[in-house]
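If you read the sequence shown in the numbering used here, its first letter stands for residue 1, the second for the next number, and so on.
Where a beta carbon is used, it is the ideal one built from N, C-alpha and C, also for glycine.
Fair warning: this is a prediction, and the values are worked out from it, not measured in the lab.
Below: one structure, written as structure tokens.
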Amino acid sequence: MKHTENLLSRHLKNDADIRYPDFDAMWNQIRQDQERCPELHISESKEHMPQQIKWKKTALIGTAAVILMATPVYAAVHYNWGELLNDRSGIQNAMQKELGQKLNQSVTVNGVTLTLDTAFSDDNRTVILYTLDPGKYRGDTLQFPSIGMRDESGKLIEGRYYHVPDQTDGKFKGYFETEWTPSGKEANVEFTVGGIQVLVPEEKEITLDPLQQQSQVFNINKDGLGELVVSAFNEKENKIMLSTSLTFDQPEVRDYAFPYLKIYDQKGQILEGNAAGIYGKPGEHGEYISEQFYNLVKLKQQAASYVLAYSKEESKMDQPLDIGIRLDKTEMLSGTSTRVLNIPLEEQSDGAVIKEAIITPTQIRLIVTHSEYFMQLPYLQYTLDVNGSKLIGGVWPSDDPAHEAELRFEVTSGLEVNQDTPMTLYARHKVSYFQGEFEPITLSEIGEKPQYINSNLGGSTIHWTYYRKDGDLYVERYSDDLHFGGINQTYTIQKGKRSYGTPAKTQFAGDGKNLGIDRYNNYTSDTATVYPWMYSTEEPEREVAVQLENKN
1 MKHTENLLSR HLKNDADIRY PDFDAMWNQI RQDQERCPEL HISESKEHMP QQIKWKKTAL
61 IGTAAVILMA TPVYAAVHYN WGELLNDRSG IQNAMQKELG QKLNQSVTVN GVTLTLDTAF
121 SDDNRTVILY TLDPGKYRGD TLQFPSIGMR DESGKLIEGR YYHVPDQTDG KFKGYFETEW
181 TPSGKEANVE FTVGGIQVLV PEEKEITLDP LQQQSQVFNI NKDGLGELVV SAFNEKENKI
241 MLSTSLTFDQ PEVRDYAFPY LKIYDQKGQI LEGNAAGIYG KPGEHGEYIS EQFYNLVKLK
301 QQAASYVLAY SKEESKMDQP LDIGIRLDKT EMLSGTSTRV LNIPLEEQSD GAVIKEAIIT
361 PTQIRLIVTH SEYFMQLPYL QYTLDVNGSK LIGGVWPSDD PAHEAELRFE VTSGLEVNQD
421 TPMTLYARHK VSYFQGEFEP ITLSEIGEKP QYINSNLGGS TIHWTYYRKD GDLYVERYSD
481 DLHFGGINQT YTIQKGKRSY GTPAKTQFAG DGKNLGIDRY NNYTSDTATV YPWMYSTEEP
541 EREVAVQLEN KN
């Protein structure tokens, strides 16, 4: 979760000197992570455990005197990788063209066999297909505590992985993906997996009352879980948000527990939420924070029991699985080209500039530069028209996030792209951010009973609700104007300095909602003067088209 935590710390305002974007950007980044790897991050409420992030920070793990044997696999099993790579059409395209580097190397430790099948390394990324025979460590949910590659200097190369069980033989097939590529045509690396864990689902029933205004505390004290705090927030149109904050008695459990609320009706069926939930937002003190959304009327009528659902470790193997390989991207370079562009994203703007396009057989990557420090790109949706074929893309973090961003697009199967292939970038749904000295809102008679007040900001009427809960001041705001994107955060002035509220609800640009909630801890006064820090407006139908013609 380190990537998520870094983004969070970057985008949460704590003092007036930090000049970074807001929560919108952090969670937009997470949503874009999900778009490019749908099995990660954010899951809709389903009858099974929400799928969770498998982007682990690789750690150095000693061999502990285990003798490893890395040998070629001459009778390799030929798997059908198509289903696994549904969201990686560029890799499928390379496979159809018989590109890629056959590895066929394996290692066995304690009866667990990891086999590296094929590597695809080009100027945009490296993807390695693998299979895993877990031996005696059987189960439908198997994860790696860490995964990555070490380069020749010993530096760890991080990435993401995804694998699924093969129901016929009990093995797993998966892929590892990283934006790292060899600086030259070849590179020696060591592929490393830090052991395996078998996880099983577990539940702990709690006596939750969703109608109670105050937060409810439950001592789980089981399987490494600590204290659970549940807070209910009523929203418009009979909607309710159940916000949970969980601590851990054993810190390592945070990496695999994936806790969430599960609600059963009178028939023992799962009560579905009415919107996608958010899981695993890091709290101020390392808590695991989640937000789940339900219809309040449905909860009153149908909810019979509440449980905290989570995963617990059933078994594990701590020894690492390491395989030394020599990556070679020579074949992939045959379909690689670079276009020098230096084209503004918008004609009337001195902001984002499309610097260049790196075209490979698997992916098209656009480098976007900007003069503004940590600028958010002004559009939410990006489509690349390549000679009539529409490629859907998203924003990726770059090596220089303060001054650059990247747009990446999967090449579709059978698509041929060369230096002269016509390409047009379409950017849609513009979001504009406004920061400055805005009129404050005076909150009076603060108490447990909600109070209401209206204000005007940027031409939109803002509805404010404020109240004291658990000794803290909560400040909510929204607008009926759907072109108003929301106020990302508020602050008060304490002893001449800004004191920022802690966001109690995650806000997404582009989701059609603009409700935000801030919390001011241990607020004892019955009055407050609150200032908006930044707000946004949205133009969902606004679109720009940029022809990506080589400037050479």
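Which listed residue (the options) has its alpha carbon closest to that of residue i
| i | options | result |
| --- | --- | --- |
| E179 | P282, D123 and P259 | D123 |
| Y306 | E287, L515 and E205 | E205 |
| G485 | Q266, A509 and Q494 | A509 |
| R519 | L99, Q489, I493 and R498 | Q489 |
| D322 | A405, Y279, D400 and V189 | V189 |
| G283 | S525, E98 and R254 | R254 |
| V198 | P422, D209, K316 and E98 | K316 |
| G516 | R477, Q419 and Y130 | R477 |
| K222 | K312, Q101 and T442 | K312 |
| P540 | L548, D511, L271 and W533 | D511 |
| V127 | Q143, S146 and L103 | L103 |
| Y279 | H285, F293 and L271 | F293 |
| K267 | G100, Q302, V230 and M149 | Q302 |
| A427 | G286, K329, I147 and E346 | E346 |
| F409 | Q363, D526, S290 and I354 | Q363 |
| Q554 | K469, L129 and T247 | Nothing can be reported for residue 554, as the shown portion of the chain is limited to 1 through 552. |
| T527 | Y500, Q451 and R498 | Q451 |
| Q167 | D151, D140, K185 and R150 | D140 |
| L242 | Q216, H403, V546 and Y256 | Q216 |
| L246 | G286, Y256 and G324 | G286 |
| L333 | Q214, P344, E83 and R125 | R125 |
Within 8 Å, strictly: CB atoms of residue i and residue j
| i | j | result |
| --- | --- | --- |
| T360 | T336 | yes |
| F233 | K505 | yes |
| L366 | A357 | yes |
| G414 | Q96 | yes |
| N550 | V340 | yes |
| N529 | T442 | Reading off the sequence shown, one finds Thr at residue 529, where the question assumed Asn. Result yes, Cβ atoms of T529 and T442 sit closer than 8 Å. |
| K136 | G174 | no |
| T424 | D400 | no |
| G194 | F120 | no |
| I147 | Y162 | no |
| G226 | D209 | no |
| A309 | P201 | yes |
| V475 | G436 | no |
| M149 | T207 | no |
| L407 | V395 | yes |
Cutoff 7 Å; reference residue i; Cβ partners in own chain excluding five residues on either side
| i | result |
| --- | --- |
| N522 | G471 and D472 |
| N238 | N295, L296 and V297 |
| P38 | Below a pLDDT of 50, predicted positions are generally treated as unreliable, and P38, at 34, falls in that range; the measurement from the model is reported next regardless. Answer for P38: D87, listed in chain order. |
| S444 | T527 |
Same chain, Cβ closer than 8 Å to residue i, five either side skipped, listed in chain order
| i | result |
| --- | --- |
| T461 | N454, S455, S479, D480 and D481 |
| K236 | Y478 and L515 |
| I240 | P210, A232, F233, N234, F293, Y294, N295, L296 and L299 |
| R468 | I446, G447, E448, Y474 and Y523 |
Buried versus exposed, by CB contacts within 10 Å (16 or more), residue i
| i | result |
| --- | --- |
| R138 | exposed |
| T244 | buried |
| Q212 | exposed |
| N93 | buried |
| R326 | exposed |
| A187 | buried |
| E439 | exposed |
| G496 | exposed |
| T118 | buried |
| S89 | buried |
| F576 | Residue coverage of the chain in this structure runs from 1 to 552, which leaves residue 576 outside it and unanswerable. |
| K281 | buried |
| P320 | buried |
| I487 | buried |
| I493 | exposed |
| V164 | exposed |
| I392 | exposed |
| G273 | buried |
| Y373 | exposed |
6 Å CB neighbourhood of residue i in its chain, flanking five on each side removed
| i | result |
| --- | --- |
| D133 | T113 and K171 |
| S432 | T537 |
| A545 | T424 and Y426 |
| S183 | none |
Distance cut-off 7 Å: residue i Cβ against heavy atoms of the ligand ZN
| i | result |
| --- | --- |
| N221 | By its list of ligands, the structure shown contains no ligand whatsoever, and the ligand ZN lies outside what it can speak to. |
Q.
Ignoring anything shorter than 3 residues, give me the beta strand (DSSP E) runs that lie fully in the region 448-473, in order along the chain.
A. 451-457 and 460-469
Q | Secondary structure, beta strand (DSSP E): runs of 3+ residues fully inside the region 479-526 | A | Runs of the beta strand (DSSP E) lying entirely within the region 479-526 and spanning at least 3 residues, in chain order: 484-494, 497-500 and 516-520.
Q: Just list the beta strand (DSSP E) runs in the region 275-323, keeping only unbroken ones of 3 residues or longer that don't cross its boundaries, in chain order.
A: 278-282, 288-295 and 303-317
Q | Entirely enclosed beta strand (DSSP E) segments - the region 99-172, minimum 3 residues | A | 101-109, 112-121, 126-133, 141-143, 147-150 and 160-165
**Q.** 4 or more residues per run - each alpha helix (DSSP H) lying fully within the region 323-374
**A.** Secondary structure in the region 323-374: no alpha helix (DSSP H) run of 4 residues or longer lies completely within the stretch.
Q: Note down, one range per segment and in chain order, each beta strand (DSSP E) of at least 3 residues found wholly within the region 374-437.
A: 379-386, 389-396, 404-410 and 423-435
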